[in-house]
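Student:
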Amino acid sequence: MEQITELKYALDTFYFLVSGALVMWMAAGFSMLEAGLVRAKNTAEILTKNVGLYAVACIMYMLCGYGIMYGDGSGILPAIGMLGADDNEAAAVLAAVAAGDEDAPYYSNMSDFFFQVVFVATAMSIVSGAVAERMKLWTFFAFAIVFTGFVYPVQGYWKWGGGWLDEAGFLDFAGSGLVHLAGGAAALAGVLLLGARKGKYGPKGEVRPIPGANLPLATLGTFILWFGWFGFNGGSELKVSDIGEANAVARVFVNTNMAAAGGVVSALLLARLWFGKADLTMALNGALAGLVAITAEPLTPTPLLATGVGAIGGLIVVAAVRGLDKVRIDDPVGAISVHGVVGIWGLLAVCLSNPESSLTAQLIGIAAIFGWVFGCSIALWYLLKKTVGIRVSEQTEYEGVDIEECGLEAYPEFTRSD
Amino acid sequence: MEQITELKYALDTFYFLVSGALVMWMAAGFSMLEAGLVRAKNTAEILTKNVGLYAVACIMYMLCGYGIMYGDGSGILPAIGMLGADDNEAAAVLAAVAAGDEDAPYYSNMSDFFFQVVFVATAMSIVSGAVAERMKLWTFFAFAIVFTGFVYPVQGYWKWGGGWLDEAGFLDFAGSGLVHLAGGAAALAGVLLLGARKGKYGPKGEVRPIPGANLPLATLGTFILWFGWFGFNGGSELKVSDIGEANAVARVFVNTNMAAAGGVVSALLLARLWFGKADLTMALNGALAGLVAITAEPLTPTPLLATGVGAIGGLIVVAAVRGLDKVRIDDPVGAISVHGVVGIWGLLAVCLSNPESSLTAQLIGIAAIFGWVFGCSIALWYLLKKTVGIRVSEQTEYEGVDIEECGLEAYPEFTRSD
Amino acid sequence: MEQITELKYALDTFYFLVSGALVMWMAAGFSMLEAGLVRAKNTAEILTKNVGLYAVACIMYMLCGYGIMYGDGSGILPAIGMLGADDNEAAAVLAAVAAGDEDAPYYSNMSDFFFQVVFVATAMSIVSGAVAERMKLWTFFAFAIVFTGFVYPVQGYWKWGGGWLDEAGFLDFAGSGLVHLAGGAAALAGVLLLGARKGKYGPKGEVRPIPGANLPLATLGTFILWFGWFGFNGGSELKVSDIGEANAVARVFVNTNMAAAGGVVSALLLARLWFGKADLTMALNGALAGLVAITAEPLTPTPLLATGVGAIGGLIVVAAVRGLDKVRIDDPVGAISVHGVVGIWGLLAVCLSNPESSLTAQLIGIAAIFGWVFGCSIALWYLLKKTVGIRVSEQTEYEGVDIEECGLEAYPEFTRSD
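Chains as they are written, first to last, in our numbering: chain A, 44 to 461; chain B, 44 to 461; chain C, 44 to 461.
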């Protein structure tokens, strides 16, 4: 009996660690996606941002974010203490299970921290793409410190830490809201204060496409994210060690995959209809939109419904990318559309299949997450703008931020000399 | 006792899901491999094909393919029904196991669907490379719909669904035939009707190399496939939860890896001998050939024999690439050689180590798979040729299919203006 | 009871296989990292080296290396025999466990071989980067045969095979010494005999930067390595199937991740301080340095200490890259600094948290590993230099080794015609 408890604990921990490693791998996905969608002269800087923000997110979440989100409310420092302490003692776990304690720990605390920390980094990665090609590097890192250490964890606590949104009946299985909408809201705030890239919008309101320099990289990034999402959603079931849980995790895998597939097809078809071409970047955005859309509820839909939820996400993202350009919100990689707009759709789509959901609670959650993150972010971006500045000089923007910020070029031998 | 049954079910399901995720990741491998081996002007389109075909494969297999291949024979629609229904009930599983039922389910149906669906996508990915740089995008997708929804599942049913090839004693552990030869046969049919790329073969029969634009991408794609193949072959043992099965899965991992290593070395040496150079593309094809060769039987060989099976695959692929060029079958990425020709070798090599194999049964299987897939494919490609057309215009081919089909360029800043 | 033994065996084997697959994936990481950091004209050759060395390492380790490192000392051939033999018999395992035998096997021998073989390849991958852009391809492969078949396994036996270093109390959890320092020592020996690239150092001792051609690839490679390191360190706990072991594996994951994060931040800050720029390549080297540093002891530190150990690694690597350039040791990818110098730091850092460590034993281990590997390597490189030659001709170096060695170009359409 005790050995079975130990084995279940081991399997659930291992499942958590594998899932977390897959989510960590999504950092590579965001890096490649964003590096592929910006111009060559801004590529090294966006890579530096992505590597750096992942590191900052891990450190800040260890220092205080995890404590805020899942701690006992006593503040910041306990997080360090907890992470320095021992994990669950085997004897204590076994005693708790033997006593029939339903709250007995069934996986390693450290594996929980690992899984959660890579989520924070995901949220932060969303921001870097939207502000690409014109934001100062070190300003971005300053924002990342506060976002990952404070802004994200507070709203995370509201739901996943057992706070008021959780009590209000708000449902968000793996984070269409807490991760994707949150990232999108922070990105939107940044873009509003930052303004569009030079030349993106003409004097008469026309939209000038600025093509990404390396679409194979962007495609690779999308596939990495798709692959990593099996950890992101699959791991969010939090348990795999009995028949019911194993079935649930399997269903989450299937639905996650089908939603992405639905998003690809619908986005390709709509792009074909609107633009007359099978636009690759829309297919990629469609896949990501499908993934974001299903993330709030990947368990209760049938695979057919999951495909539909993803497909609607794919339609929304194509429309949103167009719509944001119309109102001159310049998002080089479409992050606000994919994660913000479709994240809202995902939260609403919970009501299509989960009988425990309430549209009111979902709307409250959307408003709360967006309000909190957008409010904090715009205040913080404003503060940074008024102090250290958030935008590079016109000269730097023209020459590319790579040389100025990083002192090197991403592709020194490849680009055409103009 | 019941808890042990539940744990085994959970472990086998989790193993299936991890394996399936690795196979899904192979879609990225095919994308990068093919994107690296075509010219820059055709790169965005091949990426669109790969993202799109994966999505199409998932949807079609859900809608009807899975039902044909593993259903009760009652036709197409039950598949949807089944996927909408609940998974195995825990109580039913436990009762069946307690009653000693040898057919008691031991993993989630959903995990089975997930694992199988990524195989279909793999088969379809093989085709896209061979027809690259000259086939119409939407025609390709039309083919993909029928191939993944009908052609592949029918022959899959013959063996893995328990059909006549299975009863005839045909052995194909993870699909050297059902996946790789099938993909190769469909690709060959397409190429025959499509014709060679302009300029590939000179008027006097000389072969003009058309180098791939991005060999690091092709190398990355090969490594992704190699990595994903541990899921492809390793997961095909279908069970891991006791000592014998765990040993079997481990042996499959080792043999898969050794066969790929053998293929690299032999292909490099043969290329050195024939061309005087350590041709990177041959090393990559050698790795893939080793993997394809061992896929029909990765369990019974010793690691030394597995290395040999892979090494012979590496020799075959170098010879086949040359041979196909001699008969003017133009396959830009070598897919027909790697998956078709070496797939046949893999099916024959089963007889080297598996005492239950019969050469006759293997030959019947090869003939049946090739006959069915090639026959269906050539009919379908012909129908498409006579209706919507399969080949882009000469003008489009000259300018590259990216602009015409996708409305964008893969590397807008990099390529030399001629 | 027997079923529990079987399940534990299955889980530990599966954990080993997943870990091993992740380490195999690191081969792709080294390939992309190195391909991104060399010039375009030398890219195909470094890719060929990386694919080829992985294959050579697998074959040589199967043929003799594994037998030397973990065998019974009876020489080379038993390795083949063992790998051809059956794995642990279920009945024997169950009997041993029932009899309370503490040495009863608890995972598949084949899974052990798989995990170990990918470590050898990792060590060998370290060398290829340092000697890039000027070493003859086939000479490199000749070195790889001896290194992976003999030099690495002998020192591996000293510690992990239970030899004298193990008995001396030397601690090296996952190979800061046995893998990384060993690779760095072999690389240093090669570079000393090979000399610097033409033009790297000016006549007055000035250092001329030779920028890498493709920094997104280098970033991708770093992320692949970071991801794969969860298998490298996480798998080195060797067991996961009870509460204590699961906690240990989880802590290893967390510490591995935190050390990399620490390395990124410290390297970025130091680069900013010294060069005035957020140098992307230093951020990447910082991540790898953090990973190498924690590899000798990822279990006993708190996550905060692990971050610190990684951060110091990040500082060391920036200083070492500069320092090696000062003494004109030309290492295009910084492999000697990252793996050699920081590997030593990692071995010393064991003493910060592991109460069973002894500084003396660590110093003895460092001296022994470096002495053995450097000694063997310099002798072997010297022998190769005097016979087949180790350096390409000046003409080949000027034109790039790709055409001469591989007969093709990595990016035939991209590079500027000079």
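Cβ coordinates follow ideal geometry from the N, Cα and C atoms, glycine included. This structure is a prediction, so every number in the text was calculated from the model and none was measured.
1. When the Cα of A:Ala422 is compared with those of A:Gly233, A:Lys241 and A:Val435, which residue comes out closest?
2. For B:Arg294, count neighbouring Cβ atoms within 10 angstroms of its own Cβ and tell me buried if that reaches 16, exposed if not.
3. Can you tell which of B:Phe213, B:Leu221 and B:Ile433 has the C-alpha that lies nearest to the C-alpha of B:Phe417?
4. Whether or not the region 302-313 of chain B and the region 352-369 of chain B are in contact is what I'm after, with contact meaning three or more pairs of Cβ atoms, one per stretch, closer than 8 Å; do they touch?
5. Among residues of its own chain, excluding the 5 on either side of B:Val435, which ones have a beta-carbon nearer than 8 Å to its beta-carbon?
6. What is the residue span of the alpha helix (DSSP H) that B:Leu331 lies within?
7. What did DSSP end up calling C:Gly435 once you bin it into helix, strand or coil?
8. Counting only Cβ pairs nearer than 7 Å, list the residues of chain A close to C:Asp322.
9. Taking 8 Å as the CB-CB limit, is A:Ser154 close to chain C?
10. Who are the neighbours of A:Asp285 on chain B, taking C-beta pairs under 9 Å?
11. Do you know how far the Cα of B:Thr343 is from the Cα of B:Ser396?
12. Quick one: any contact between the region 315-329 of chain A and the region 269-279 of chain A, if contact means 3 or more CB pairs under 8 Å?
13. Kindly identify the DSSP beta-bridge partner or partners of C:Tyr244.
14. Leaving out five residues on either side along the sequence, give the residues of the same chain with a beta carbon under 8 Å from the beta carbon of C:Ala185.
15. Would you kindly check if the distance between the Cβ of C:Gly353 and the Cβ of C:Ile337 is under 8 Å?
16. How far does the alpha helix (DSSP H) with C:Arg294 in it reach, from first residue to last?
17. Kindly list, in the order they appear in chain B, the residues whose Cβ is closer than 8 Å to that of A:Ala336.
18. Pull up the distance between the alpha-carbon of C:Gly386 and that of C:Gly248, whole angstroms please.
19. What is the rounded straight-line gap between the Cα of A:Ala326 and the Cα of B:Met103?
20. Since C:Gly255 and C:Val81 should fall inside the 8 Å C-beta cutoff, what is the C-beta to C-beta distance between them, to a whole number of angstroms?
21. Which of the three DSSP states, helix, strand or coil, is assigned to B:Met44?
22. Closest Cβ-Cβ distance between B:Thr56 and chain C: below 8 Å?
23. Examine the Cβ distances between the region 197-204 of chain C and the region 388-407 of chain C and report whether three or more of them are shorter than 8 Å.
24. Rounded to the nearest angstrom, how far is the Cβ of B:Tyr149 from that of B:Tyr52, given a contact under 8 Å?
25. Which residues in chain A have a C-beta closer than 8 Å to the C-beta of C:Asn462? List them in chain order.
26. Is it buried or exposed for A:Tyr200, if we count other Cβ within 10 angstroms and need 16 for buried?
27. Show which residues of chain C have a CB atom less than 8 Å away from the CB atom of B:Glu288.
28. If you drop the 5 nearest sequence neighbours on each side, which residues of the same chain put their C-beta closer than 7 Å to that of A:Asn298?
29. Against chain B, with Cβ distances strictly below 8 Å, would A:Asn300 count as a contact?
30. In chain order, what residues of the same chain lie with their CB nearer than 8 Å to the CB of B:Phe457, ignoring the 5 residues before and after it?
31. So B:Lys282 packs on B:Asp55, CB below 8 Å; how close in whole Å?
32. According to DSSP, is A:Leu120 part of a helix, a strand, or is it coil?
33. So, is C:Tyr441 buried or exposed, given that buried needs 16 or more other C-beta atoms within 10 angstroms?
34. Quick check on the burial criterion: 16 or more other C-beta atoms within 10 angstroms. Buried or exposed for C:Val99?
35. Beta-carbon separation of A:Ile169 and A:Gly114 under 8 Å?
36. Thinking just about the alpha-carbon of each residue, which of B:Leu334, B:Ile267, B:Phe413 and B:Ser74 is nearest to the one in B:Val381?
Tutor: The short version:
1. A:Gly233
2. buried
3. Ranking B:Phe213, B:Leu221 and B:Ile433 by Cα distance to B:Phe417 puts B:Leu221 first.
4. yes
5. Arg177, Met178, Lys179, Val444, Glu447 and Glu448
6. Leu323 to Ile337
7. First, the amino acid is wrong: residue 435 of chain C is Val here, not Gly. Looking at C:Val435 - three-state DSSP - the assignment turns out to be coil, as it is neither helix nor strand.
8. Cys449, Gly450 and Leu451
9. yes
10. Gln46, Glu49, Leu50, Tyr52, Ala53 and Ala133
11. 6 Å
12. Per the Cβ contact rule, the region 315-329 of chain A is not in contact with the region 269-279 of chain A (fewer than 3 Cβ pairs under 8 Å).
13. C:Val250
14. Leu427 and Val431
15. yes
16. Ile286 to Phe318
17. Those do not exist, as A:Ala336 stays about 14 Å from chain B at its closest Cβ, beyond 8 Å.
18. 28 Å
19. Between A:Ala326 and B:Met103, the C-alpha separation is close to 18 Å.
20. 6 Å
21. coil
22. no
23. no
24. 6 Å
25. Residue 462 of chain C is absent from the model: chain C starts at 44 and stops at 461.
26. buried
27. Within chain C, the residues placing a beta-carbon under 8 Å from that of B:Glu288 are Ala53, ordered along the chain.
28. Ile337, Pro341, Pro344, Pro346 and Ala349
29. yes
30. Counting only Cβ-Cβ distances below 8 Å, and skipping sequence neighbours, we find Ala83.
31. 6 Å
32. Any reading at A:Leu120 must be qualified, since the residue scores a pLDDT of 46, below 50, and its modelled position is unreliable; the value itself is stated next. Of the three classes helix, strand and coil, the one that applies to A:Leu120 here is coil, per DSSP.
33. With a threshold of 16 other beta carbon atoms within 10 Å, C:Tyr441 falls short and is exposed.
34. buried
35. Result no, Cβ atoms of A:Ile169 and A:Gly114 do not sit closer than 8 Å.
36. B:Leu334
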